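Heads up: the structure comes next, in C-alpha coordinates.
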Amino acid sequence: MIRNVAIIILYNDKKRILLQHREETAERLPGYWGFFGGGIEEGETPEEAVRRETKEELDYELGNPKLIMVQEFKGKHHDGTKYVFVEKYNPSKKLTIYEGQGMKWVLLNETKPLKIVDHDTEVLEYIKGKF
(Lines of atoms letter the chains of each structure in order from A and count residues from 1; the text may use other names and numbers.)
(Lines give C-alpha, C1' and ligand atoms only; values in the text may rest on other atoms or scores of the structure.)
Protein backbone atom coordinates (compact mmCIF):
# COMPACT_ATOMS: atom_id res chain seq x y z
CA MET A 1 0.00 0.00 0.00
CA ILE A 2 1.22 3.50 -0.85
CA ARG A 3 0.59 6.35 1.60
CA ASN A 4 2.23 9.70 0.99
CA VAL A 5 2.67 11.96 4.00
CA ALA A 6 3.57 15.56 4.79
CA ILE A 7 5.20 16.43 8.10
CA ILE A 8 6.20 19.64 9.86
CA ILE A 9 9.30 20.22 11.92
CA LEU A 10 8.66 23.23 14.11
CA TYR A 11 11.82 24.65 15.68
CA ASN A 12 12.34 27.41 18.21
CA ASP A 13 14.96 30.04 19.08
CA LYS A 14 16.89 27.48 21.11
CA LYS A 15 17.20 25.14 18.08
CA ARG A 16 14.82 22.66 19.67
CA ILE A 17 12.34 20.78 17.50
CA LEU A 18 8.85 19.69 18.48
CA LEU A 19 8.20 15.94 18.54
CA GLN A 20 4.99 14.01 19.06
CA HIS A 21 4.76 10.96 21.33
CA ARG A 22 2.31 8.66 19.59
CA GLU A 23 -0.44 6.91 21.56
CA GLU A 24 0.24 3.34 22.67
CA THR A 25 -2.97 2.41 20.82
CA ALA A 26 -2.06 4.20 17.57
CA GLU A 27 -2.68 2.25 14.35
CA ARG A 28 0.79 3.14 13.06
CA LEU A 29 3.96 3.18 15.19
CA PRO A 30 2.35 3.01 18.64
CA GLY A 31 4.52 4.50 21.38
CA TYR A 32 7.03 5.98 18.94
CA TRP A 33 8.25 9.55 18.87
CA GLY A 34 7.88 11.31 15.54
CA PHE A 35 6.83 14.40 13.69
CA PHE A 36 3.46 16.05 13.49
CA GLY A 37 1.72 15.60 10.16
CA GLY A 38 0.04 12.83 8.25
CA GLY A 39 -1.43 11.48 5.07
CA ILE A 40 -1.91 13.53 1.94
CA GLU A 41 -5.51 13.28 0.80
CA GLU A 42 -6.53 12.89 -2.83
CA GLY A 43 -6.34 16.21 -4.67
CA GLU A 44 -4.27 17.82 -1.92
CA THR A 45 -0.76 19.20 -2.38
CA PRO A 46 1.88 18.31 0.22
CA GLU A 47 1.78 21.90 1.53
CA GLU A 48 -2.01 21.85 1.83
CA ALA A 49 -1.74 18.55 3.71
CA VAL A 50 0.91 19.78 6.15
CA ARG A 51 -1.15 22.90 6.87
CA ARG A 52 -4.31 20.84 7.47
CA GLU A 53 -2.57 18.22 9.60
CA THR A 54 -0.81 20.84 11.75
CA LYS A 55 -4.13 22.60 12.36
CA GLU A 56 -5.85 19.29 13.22
CA GLU A 57 -3.11 17.96 15.48
CA LEU A 58 -1.83 21.14 17.18
CA ASP A 59 -4.45 23.83 16.44
CA TYR A 60 -1.54 25.77 14.96
CA GLU A 61 -1.72 27.78 11.73
CA LEU A 62 1.51 27.52 9.77
CA GLY A 63 2.84 30.76 8.34
CA ASN A 64 5.35 29.87 5.64
CA PRO A 65 6.38 26.20 5.80
CA LYS A 66 9.49 25.47 3.74
CA LEU A 67 9.91 22.13 1.96
CA ILE A 68 13.44 20.93 2.74
CA MET A 69 13.40 17.23 1.94
CA VAL A 70 11.48 14.60 -0.01
CA GLN A 71 12.08 11.06 1.18
CA GLU A 72 10.98 7.72 -0.22
CA PHE A 73 10.35 5.28 2.61
CA LYS A 74 9.33 1.71 3.26
CA GLY A 75 7.31 1.06 6.37
CA LYS A 76 5.80 -1.87 8.19
CA HIS A 77 2.26 -0.89 7.15
CA HIS A 78 2.90 1.07 3.96
CA ASP A 79 5.46 2.61 1.63
CA GLY A 80 5.35 6.14 0.31
CA THR A 81 6.87 9.55 -0.07
CA LYS A 82 7.42 11.86 2.90
CA TYR A 83 7.45 15.61 2.32
CA VAL A 84 9.38 17.30 5.12
CA PHE A 85 8.58 20.94 5.88
CA VAL A 86 10.20 23.21 8.47
CA GLU A 87 9.05 26.42 10.06
CA LYS A 88 10.24 28.52 12.95
CA TYR A 89 7.68 28.36 15.75
CA ASN A 90 5.83 31.57 16.52
CA PRO A 91 5.63 31.62 20.35
CA SER A 92 2.72 34.08 20.25
CA LYS A 93 0.61 31.17 18.98
CA LYS A 94 -0.47 28.52 21.48
CA LEU A 95 -0.01 24.80 20.78
CA THR A 96 -2.81 22.43 21.78
CA ILE A 97 -2.17 18.75 21.21
CA TYR A 98 -5.10 16.84 19.70
CA GLU A 99 -3.24 13.71 18.58
CA GLY A 100 -0.72 11.65 20.50
CA GLN A 101 -0.06 11.13 24.19
CA GLY A 102 2.37 14.01 24.45
CA MET A 103 4.81 16.38 22.81
CA LYS A 104 8.12 17.93 23.75
CA TRP A 105 10.79 20.28 22.49
CA VAL A 106 14.15 18.50 22.06
CA LEU A 107 17.61 19.26 20.79
CA LEU A 108 18.70 17.00 17.96
CA ASN A 109 21.34 15.39 20.19
CA GLU A 110 18.59 14.49 22.70
CA THR A 111 16.73 12.25 20.22
CA LYS A 112 19.08 9.22 20.41
CA PRO A 113 17.38 7.49 23.40
CA LEU A 114 13.88 8.04 21.98
CA LYS A 115 11.99 5.29 20.16
CA ILE A 116 12.00 6.70 16.59
CA VAL A 117 11.37 4.84 13.33
CA ASP A 118 14.41 4.53 11.02
CA HIS A 119 13.16 6.81 8.25
CA ASP A 120 12.46 9.60 10.80
CA THR A 121 15.98 9.13 12.17
CA GLU A 122 17.25 9.76 8.62
CA VAL A 123 15.29 13.04 8.56
CA LEU A 124 16.82 14.05 11.91
CA GLU A 125 20.31 13.39 10.50
CA TYR A 126 19.49 15.40 7.37
CA ILE A 127 18.31 18.49 9.26
CA LYS A 128 21.37 18.79 11.52
CA GLY A 129 22.80 22.27 11.03
CA LYS A 130 19.93 23.38 8.75
CA PHE A 131 18.50 25.98 11.18
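Numbering (numbering that gives the first Met the number 0), first residue to last: 0 to 130. Glycine included, C-beta positions come from ideal geometry on N, C-alpha and C. This one's a predicted model, so the numbers in the text were calculated from it and none came from an experiment.
Cutoff 8 Å; reference residue i; Cβ partners in own chain excluding five residues on either side
i, result
"residue 19", "32, 33, 34, 35, 56, 96, 98, 99, 101 and 102"
"residue 131", "What the structure shows of the chain is the stretch from 0 to 130, and residue 131 is not part of that stretch, so it cannot be assessed."
"residue 129", "67 and 85"
Integer-rounded CB distance, given that residue j should sit under 8 Å from residue i
i, j, result
"residue 84", "residue 66", "6 Å"
"residue 10", "residue 45", "About 19 Å separates the two Cβ atoms, so there is no contact after all."
"residue 92", "residue 59", "6 Å"
Buried or exposed by the 16-neighbour rule on C-beta atoms within 10 Å, applied to residue i
i, result
"residue 39", "buried"
"residue 1", "exposed"
"residue 119", "buried"
"residue 37", "buried"
"residue 64", "buried"
"residue 69", "exposed"
Proximity below 7 Å, CB of residue i to CB of residue j
i, j, result
"residue 80", "residue 3", "yes"
"residue 16", "residue 8", "yes"
"residue 110", "residue 94", "no"
"residue 30", "residue 23", "yes"
Beta-carbon contacts of residue i that lie in its chain and below 6 Å, excluding the five residues immediately before and after
i, result
"residue 115", "32"
"residue 127", "107"
"residue 125", "68"
"residue 27", "76"
Own chain, CB closer than 7 Å to residue i, minus 5 neighbours either side, in chain order
i, result
"residue 78", "1 and 72"
Legend entry - In chain order, each alpha helix (DSSP H) run of at least 4 residues that lies wholly inside the region 74-128: Within the region 74-128, complete alpha helix (DSSP H) segments of at least 4 residues are found at 117-126, given in chain order.
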